[in-house]
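Presented below is the structure to which this report refers.
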Amino acid sequence: MYLLALKMLLGDRAKYIMLVGGLTFSSLLMTQQNGVFQGLLSWTTSHMRNMRASIWVVESRVEQVNETKALRDTDVNRVRSVDGVDFAVPLFQGVMKARAADGSDKQVQLIGLHGGTLYGRPAVMVDGDISQLRVPNTVVVDELAAQPTRLGAGLGRSLKVGDTFEINDREARVVGVCKTERHFFGYPYVFTSYDQALQYAPRQRKMLSMILAEPKPGIPAEEVARRIAAETGMKAYTVPEFERSTVAWIWRNTGIPASFMTTIILGFIVGVAVSGQTFYSFVLENLKNLGALKAMGAGNGLLAGMLLFQAITVGVIGYGLGLGLTALFGLAVAQSGQPPFKLVPLYLVQTFGAVLVICVLAALFGIRKVARLEPAIVFRG
Amino acid sequence: MTPTASPHADGAVCVRGVIKTFGVGDARTVALKGIDFSAAEGEMHLVVGPSGCGKTTLLSVVAGTLDWDDGDVSVFGTRLDGMSKGAVTRFRRSNIGFIFQQFNLIPTLTLVENVSVPLLLNGAGRRTAEEKAAQLLKQVGLEGRENKRPTQLSGGQQQRVAIARALVHEPRLLICDEPTSALDSATGHQIMDILSGVARAPGRCVIIVTHDPRTYRYADRITEMEDGRVTRVLDGAALGEFVSMTH
Ligand SMILES: Nc1ncnc2c1ncn2[C@@H]1O[C@H](COP(=O)(O)OP(=O)(O)OP(=O)(O)O)[C@@H](O)[C@H]1O
Ligand SMILES: [Mg+2]
Numbered sequence: 029m030y031l032l033a034l035k036m037l038l039g040d041r042a043k044y045i046m047l048v049g050g051l052t053f054s055s056l057l058m059t060q061q062n063g064v065f066q067g068l069l070s071w072t073t074s075h076m077r078n079m080r081a082s083i084w085v086v087e088s089r090v091e092q093v094n095e096t097k098a099l100r101d102t103d104v105n106r107v108r109s110v111d112g113v114d115f116a117v118p119l120f121q122g123v124m125k126a127r128a129a130d131g132s133d134k135q136v137q138l139i140g141l142h143g144g145t146l147y148g149r150p151a152v153m154v155d156g157d158i159s160q161l162r163v164p165n166t167v168v169v170d171e172l173a174a175q176p177t178r179l180g181a182g183l184g185r186s187l188k189v190g191d192t193f194e195i196n197d198r199e200a201r202v203v204g205v206c207k208t209e210r211h212f213f214g215y216p217y218v219f220t221s222y223d224q225a226l227q228y229a230p231r232q233r234k235m236l237s238m239i240l241a242e243p244k245p246g247i248p249a250e251e252v253a254r255r256i257a258a259e260t261g262m263k264a265y266t267v268p269e270f271e272r273s274t275v276a277w278i279w280r281n282t283g284i285p286a287s288f289m290t291t292i293i294l295g296f297i298v299g300v301a302v303s304g305q306t307f308y309s310f311v312l313e314n315l316k317n318l319g320a321l322k323a324m325g326a327g328n329g330l331l332a333g334m335l336l337f338q339a340i341t342v343g344v345i346g347y348g349l350g351l352g353l354t355a356l357f358g359l360a361v362a363q364s365g366q367p368p369f370k371l372v373p374l375y376l377v378q379t380f381g382a383v384l385v386i387c388v389l390a391a392l393f394g395i396r397k398v399a400r401l402e403p404a405i406v407f408r409g
Numbered sequence: 010m011t012p013t014a015s016p017h018a019d020g021a022v023c024v025r026g027v028i029k030t031f032g033v034g035d036a037r038t039v040a041l042k043g044i045d046f047s048a049a050e051g052e053m054h055l056v057v058g059p060s061g062c063g064k065t066t067l068l069s070v071v072a073g074t075l076d077w078d079d080g081d082v083s084v085f086g087t088r089l090d091g092m093s094k095g096a097v098t099r100f101r102r103s104n105i106g107f108i109f110q111q112f113n114l115i116p117t118l119t120l121v122e123n124v125s126v127p128l129l130l131n132g133a134g135r136r137t138a139e140e141k142a143a144q145l146l147k148q149v150g151l152e153g154r155e156n157k158r159p160t161q162l163s164g165g166q167q168q169r170v171a172i173a174r175a176l177v178h179e180p181r182l183l184i185c186d187e188p189t190s191a192l193d194s195a196t197g198h199q200i201m202d203i204l205s206g207v208a209r210a211p212g213r214c215v216i217i218v219t220h221d222p223r224t225y226r227y228a229d230r231i232t233e234m235e236d237g238r239v240t241r242v243l244d245g246a247a248l249g250e251f252v253s254m255t256h
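Here's what the structure looks like:
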């Protein structure tokens, strides 16, 4: 009977296409928007993956990695003196104006790494040598910064090792090009030494942005972070803690999640509306046939099962097509990385669940109708 | 003559004092007013009477597709009153075949799929069901059209498919509501010929509600109704007289 149920629905081409189309659109909207949202969220924590420090110590009011409130220089030593800290180094971070060869100004994310250890340095160098940062007036740029439309402007090509540009009227000579994950603000990275960063940046009373620390071998980072926080009064986060805190901050303080959620919920509602409506009219049109089946001895359970089976089948097909289209979208944007895009398996499963919920809801309208159907109606003309 | 006095009254279907009302207040209609009715195994039993006299209602009660208010109904010795809805459904599934005025074939399924439905409902496998269905289609003269769809057929052909569907699971009771009234008279005769040829079996009771006097001659017995009650039950010589009179 389930096979026949499917044929009943497939036989109604218009409704079948409408159902699958509606569910495809709904699935596409939900997975694609979620993909962009997750991509955007991953940008908010890319800083930590670019710099790979174990413990991030920040001013006590800082809740997310993209925010800085300056610390006192002496705070580094306070962290170093905490039991369990292997070493702690200062970090400068700030958005600066850099001038390209053609004289145009570009915003960059300037990172000043501790000169002795270069702790927090990027993982992958494409060209050059990051240890050259110990030489004055040198920088390592990421591939984004090196682009001809960014600091390569005026050169007609990408910035290379040996090229120079200016940061706040001071010369910066490129000694390396590195790979990074894109930062939330969209500015390219320029790495330099901490001392050099203080030269580039406009003078302020407090210049220390953050302190990066490494726990002694064998002591968990969480434990050391807790001790730092307790003893210094600053906030100390491990990477997972800071990621969670950053994402939570985004949820609390920006309209980004709300706007994505709105679209995702809209996708859900469109799915329910279109498929519910279409499926219900399919049931209405087949009421006589369903009544005949009932008269011939099909119970409510079987008929409900048939309707559910029909609905879930179109749901699976629609979800599959929607996911396929989302994947195509993902491939299309993968090259430029814009807009951000990240498919999280858990959310794909949840979206599939949402599509199934849509189908069950759609089927329920029909099931209610069929359950109340008197089989005797088939005798009426 | 009363139904119980009939020599055929070995009780395939037995209805005693059944009352059925529809609606409440001003809209209240008493469709069956304590009706008595019986039909026997092996007979073709026609139910006739003016429009609105309760024929379809009686048929629905006998088929177990409609609840009634009072009275007893038994089919092949099984009491339908007091049975749970599920039990009635299961009883109907294996014991009753249906032929409707509007055929009620599922338009998106092929003929063989339509005919196999009662077998599938009774738990048969698809292959077995379709083989049996093809056999029945052959019996009603539709061999070679198994994979056509109902909409590709004429009304008479569709009703033949419906007959095949009604008989495929070999029900003991066949219930037909105006099987010929959607058809022209020649086709109607064809259908009645097929019904009296294919549907008749020693253990089977065929009940046909009809308006059409030309079908009377196929009857073994006729129950005439008026206003929710049985007025006459005709068989033997009385039946012959009635048939020739209405012709
Ligand atoms: N579902 C219903 N709701 C309300 N009234 C009904 C319903 N079904 C039947 N009736 C009423 O019950 C009476 C008997 O109806 P029924 O359909 O049994 O008559 P019938 O003899 O089959 O008529 P016809 O020859 O026109 O088919 C009629 O007065 C009809 O209006
Ligand atoms: Mg009727």
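Protein sequence lines correspond, in order, to chains L and R. All letters in the first sequence, in the order written, are residues 29 to 409 by our numbering. All letters in the second sequence, in the order written, are residues 10 to 256 by our numbering. We put the beta carbon where it would ideally sit given N, CA and C, even for glycine. Model, not experiment: these values are computed from the prediction.
By alpha-carbon distance to L:G184, the top candidate from L:Q175, L:T192, L:G190 is L:Q175.
Here the alpha carbons of R:D202 and R:G249 stand approximately 18 angstroms from one another. Look at R:R238 here: in three-state DSSP terms it is strand. Taking 7 angstroms as the cut-off, the C-beta of R:K64 counts as close to a heavy atom of ligand 1.
Contacts with chain L at 8 angstroms (Cβ-Cβ) do not include R:D35.
Put simply, the backbone Cα of R:E233 is about 10 angstroms away from that of R:F46. Taken from the Cβ of R:A191, every heavy atom of ligand 1 lies 7 angstroms or farther away.
Put simply, the backbone Cα of L:I293 is about 20 angstroms away from that of L:F307. Under DSSP, L:W84 forms a beta bridge with L:L240, L:Y265. DSSP lists no bridge partner for R:H178. In the structure shown, L:Q137 adopts extended strand secondary structure according to DSSP, grouped into three states.
Among the CB atoms of chain L, one or more fall inside 8 angstroms of the CB of R:S69. By the C-beta criterion, the stretch 246-263 of chain L is judged not to be in contact with the stretch 58-65 of chain L, since fewer than 3 inter-stretch pairs fall below 8 angstroms. In the same chain as L:L226, and ignoring 5 residues on each side of it, the C-beta atoms closer than 6 angstroms to its own belong to M235, in chain order. Inclusion of R:D186 in the 7 angstroms shell around ligand 2 follows from its C-beta lying nearer than that to a non-hydrogen atom of the ligand. R:L151 has its alpha-carbon roughly 15 angstroms from the corresponding atom of R:T196. When 7 angstroms is used as the limit between beta carbons, L:V406 is near these residues of chain R: F109, N113, in chain order. Cβ-Cβ distances below 6 angstroms link L:F212 to W71, T72, N94 in the same chain, with the five nearest sequence neighbours on each side left out; the list follows chain order. With three or more CB-CB distances shorter than 8 angstroms, the stretch 172-186 of chain R counts as touching the stretch 61-75 of chain R. Within the same chain, C206, T208, P216, Y217 come within 6 angstroms of L:D170 by CB-CB distance, once the 5 residues on both sides are set aside.
Judged by DSSP secondary structure, L:P285 falls within the alpha helix (DSSP H) whose first and last residues are 284-313. In the DSSP annotation of this structure, the continuous segment of the alpha helix (DSSP H) that includes R:P127 starts and ends at 120-130. Between L:L336 and L:A391, the beta carbon gap of about 5 angstroms places them in contact (Cβ cut-off 8 angstroms).
Taking the Cα of L:A116 as reference, the smallest distance to any Cα among L:K125, L:A151, L:A249 is reached at L:A249. Straight through space, the alpha carbons of L:M46 and L:V344 are spaced by roughly 14 angstroms. Taking all protein chains in view, the Cβ of R:K141 is crowded by 16 or more other Cβ atoms within 10 Å, so the residue is classified as buried. Taking the beta carbon of R:T224 as reference, no residue of chain L falls within 7 angstroms; the closest one sits roughly 17 angstroms away.
Contact check for L:N317 against R:I115 passes: the beta carbons are separated by less than 8 angstroms. Burial is judged here by how many other beta carbons sit within 10 angstroms of a residue's own beta carbon; L:L172 has at least 16 and is buried. Proximity of the beta carbon of R:V56 to ligand 2 is not indicated: no heavy atom of the ligand is located closer than 7 angstroms. From the beta-carbon of R:D186, the residues of chain L found nearer than 8 angstroms are F407. Secondary-structure assignment with DSSP links L:Y147 through no beta bridge to anything. Taking 9 angstroms as the upper bound on Cβ-Cβ separation, chain R lies near residues L31, L32, K35, M36, L37, L38, G39, D40 of the stretch 31-43 of chain L. Taken in chain order, the unbroken stretches of alpha helix (DSSP H) that lie wholly in the stretch 35-102 of chain L and span 4 residues or more are 41-72, 74-79. Residue pairing by DSSP places L:E199 opposite L:E194 in a beta bridge. DSSP places R:L55 in the strand class (E or B) of the three-state scheme.
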